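Student:
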Amino acid sequence: MQSEILKEGLLEAKKAELKNYMELAYTAIRDIYEDPSLPRDVAQRRVAEAFHRMEYGSDGYFFVYDYDGLSIVHPRLSHLVGQNLWNFHDEDGKLLIQSLVQRAQEGGGYTEYRWDKPSGGESVLKLGYSIGLDEWGWMVGTGLYLDDIEQVVSQMERHMLENARQTILLMAFFTVSCLLVIAVIGLAVNLSEARVANRKLVRMAQKTFSFLEKERRRISRELHDGINQLLVSARFKLERIDDALGRGDHLDASSSLAAADRILETGIQDLRRLAYDLRPSVLDDLGLVAALESLCSGLVERKPLQLHFESNIDSRECQPVLATALYRITQESLHNIEKHAGEVRLVRVKVLRRRGWVYLEIADDGEGFAWHPERRREQDGTGMGLRNIQDRVDLLGDA
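Right, here's the structure in full:
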């Protein structure tokens, strides 16, 4: 699925590149073509010479045929000039010149065909783009070879497989390391304390793996319900573009392209948000205080309220485990305020160090709720946010 989407994206990039080359080429000969003072034979000779000299990259050139299939310009296969190739077939049986002329007469368009690659010497798939010089009955075309797209896709698939293998090895190493740490701690304590410690370690391990499982489920939902659906929608739009171009409906193609661009932009934003949720870069780059300020600023941008942030913490002295826990607890608390506190006007966030202890206080003037310990919800019920906060505090231990 991902490789197909990448392939389609690269193909669209090739199409845009081809169209840009053609626009540049037409700009170069437009003054000659549109000059009514020049005799036609003089203008045609100058334009043909200009196209003969135009090249880009190692295999990029322009060719010219008239609307009856007569070859006028071909820099790489000069022996074809003067021949009529109206009935020429490529290796797949496509009437190549007729297809290129038809796209040109329709106002410009793309044609896929097979052609010998000058630098490689073998026949490969090529994407052509042709326009018409209708006053002269000429078709001007150029093309890009598509074999490099398959190479890029293959490299991406190999890279994905290698990343997956490394991730599995890393997870296995992490799991084994955790088990070894638990075993060493269990052996280090005496028998009476070992029973208590083991029970606590088991609970901590269960909570740790519970966190991992919850995070996996959340990421799975995000990918399936969000990003995957956006990519599918983008693919449908690209298919519609192809259909519209085939019908010559450039207005529909342009509209579908704009819609696909908006869908992909939304997908990029979702990916960025998902990556930020997994591990906010600001926490590593600028430290805890800057990361918390970023969370607070995000809430203020999304919800009309006042937020007072206070901290005397030195981010450089804060242990990574503690910094991550404080960040996640603040993130969950602000999420609860945004989602459940109703009409909030004021929020206060304090992170203070006093006599070797770190105090985190988050308060708001929202609706609130009544807390009844005897009516705590079951593990699979609602109220997961508060339980996550409690679990994170428990997992800190003496950190």
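The working numbering puts the first residue of the sequence shown at -16, with every later residue one more than the last. For every residue, glycine included, the Cβ atom is placed at its ideal position computed from N, Cα and C. Since the model is a prediction, treat every value here as computed from it, not as a measurement.
(1) Determine the extent of the alpha helix (DSSP H) in which Asp268 is found, giving its start and end residues.
(2) Which residue or residues does DSSP assign as beta-bridge partners of Trp67?
(3) Under 6 Å Cβ to Cβ from Gln88, same chain only, skipping five residues before and after it: list those, please.
(4) To the nearest whole angstrom, what separates the beta carbons of Thr249 and Leu213, a pair I think is in contact under 8 Å?
(5) Starting from Leu221, trace the alpha helix (DSSP H) in both directions and tell me its first and last residue.
(6) Please list the terminal residues of the continuous alpha helix (DSSP H) segment that includes Glu74.
(7) Could you check what DSSP says for Val304 in three-state terms: helix, strand or coil?
(8) For Glu361, is the classification buried or exposed, using 16 other Cβ atoms within 10 angstroms of its Cβ as the cut-off for buried?
(9) Given this structure, state the Cα-to-Cα distance separating Thr158 from Ala273, to the nearest angstrom.
(10) Taking its Cβ as the centre, do 16 or more other Cβ atoms sit within 10 Å of Thr365, making it buried, or is it exposed?
(11) Is DSSP giving Arg384 helix, strand or coil here?
(12) Which of helix, strand or coil does DSSP assign to Glu361?
(13) Can you check which of these residues, Lys322, Cys301, Ile320, is closest to Arg336 by C-alpha distance?
(14) How would you label Ala241, buried or exposed, when you count the other beta carbons within 10 angstroms and need 16 or more for buried?
(15) So, is Asp363 buried or exposed, given that buried needs 16 or more other C-beta atoms within 10 angstroms?
(16) From this set, Leu282, Lys286, Tyr342, Gln149, which residue's C-alpha is nearest Leu309's C-alpha?
(17) Indicate the three-state DSSP secondary structure (helix, strand or coil) for Gly126 in the structure shown.
(18) In whole angstroms, what separates the C-alpha of Ile55 from that of Arg86?
(19) Suppose the cutoff is 7 Å on Cβ atoms and the five residues either side in sequence are ignored; what does the same chain contact list for Asp348 look like?
(20) Go ahead and pull the three-state DSSP assignment for Leu309.
(21) Taking a contact to mean a Cβ-Cβ separation below 8 Å, would you say Ile436 touches Ser216 in this structure?
(22) Near Asp75, which residues of its chain fall below 8 Å by C-beta distance, leaving aside the five closest residues on each side in sequence?
(23) Closer than 8 Å is the cut-off here; do at least three beta carbon pairs connect the stretch 116 to 127 with the stretch 148 to 164?
(24) What are the boundary residues of the beta strand (DSSP E) that includes Val107?
(25) Since Val25 and Ile12 should fall inside the 8 Å C-beta cutoff, what is the C-beta to C-beta distance between them, to a whole number of angstroms?
(26) Among Asp226, Val64, Ser82, whose alpha-carbon lies nearest the alpha-carbon of His35?
(27) Hey, how far is the Cα of Gly111 from the Cα of Ala(-1)?
(28) Would Val332 and Ile345 qualify as a contact pair, given that the criterion is a beta-carbon distance under 8 Å?
(29) Here's the rule I'm using: 16 or more other beta-carbon atoms within 10 Å means buried, otherwise exposed. How should Val334 be labelled?
(30) Between which two residues does the beta strand (DSSP E) harbouring Arg97 extend?
(31) Secondary structure at Ala324, three-state DSSP: helix, strand or coil?
(32) Please state whether DSSP places Gly120 in a helix, a strand or coil.
(33) Is the separation between the beta-carbon of Ile80 and that of Tyr48 shorter than 8 Å?
(34) Please return the same chain residues whose Cβ sits closer than 8 Å to the Cβ of Glu222, not counting the five positions on each side in sequence.
(35) For the candidate residues Ala33, Gly40, Val84, whose alpha-carbon lies nearest to that of Leu53?
Tutor: Result, derived from the coordinates:
(1) 264 to 268
(2) Per the sequence shown, residue 67 should be read as Asn rather than Trp. DSSP lists Leu53 as partners of Asn67.
(3) Gly115
(4) 6 Å
(5) 211 to 230
(6) Counting along the chain, Glu74 falls outside any alpha helix (DSSP H), and DSSP gives it neither H nor E.
(7) helix
(8) Confidence at Glu361 is low in this model, with a pLDDT of 48, below 50, so its placement is unreliable and no value can be given for it.
(9) 32 Å
(10) Only weak support exists for where Thr365 lies, its pLDDT of 49 falling under 50; the value from the coordinates is given anyway. Exposed, by the Cβ-count rule.
(11) What is shown of the chain runs -16 to 382, which leaves residue 384 out entirely.
(12) Interpretation of Glu361 is limited by its pLDDT of 48, a score under 50 that renders its predicted location unreliable; the figure taken from the coordinates is listed afterwards. Three-state result, Glu361: coil.
(13) Cys301
(14) exposed
(15) Below a pLDDT of 50, predicted positions are generally treated as unreliable, and Asp363, at 47, falls in that range; no measurement from the model is reported.
(16) Tyr342
(17) strand
(18) 18 Å
(19) Val327, Arg328, Leu329
(20) helix
(21) Because the chain is modelled from -16 through 382, residue 436 falls outside the range shown and cannot be assessed.
(22) Tyr96, Arg97
(23) no
(24) 106 to 116
(25) The pair is not a contact, with the Cβ atoms about 13 Å apart (cut-off 8 Å).
(26) Val64
(27) 12 Å
(28) yes
(29) buried
(30) 92 to 99
(31) coil
(32) coil
(33) yes
(34) none
(35) Val84
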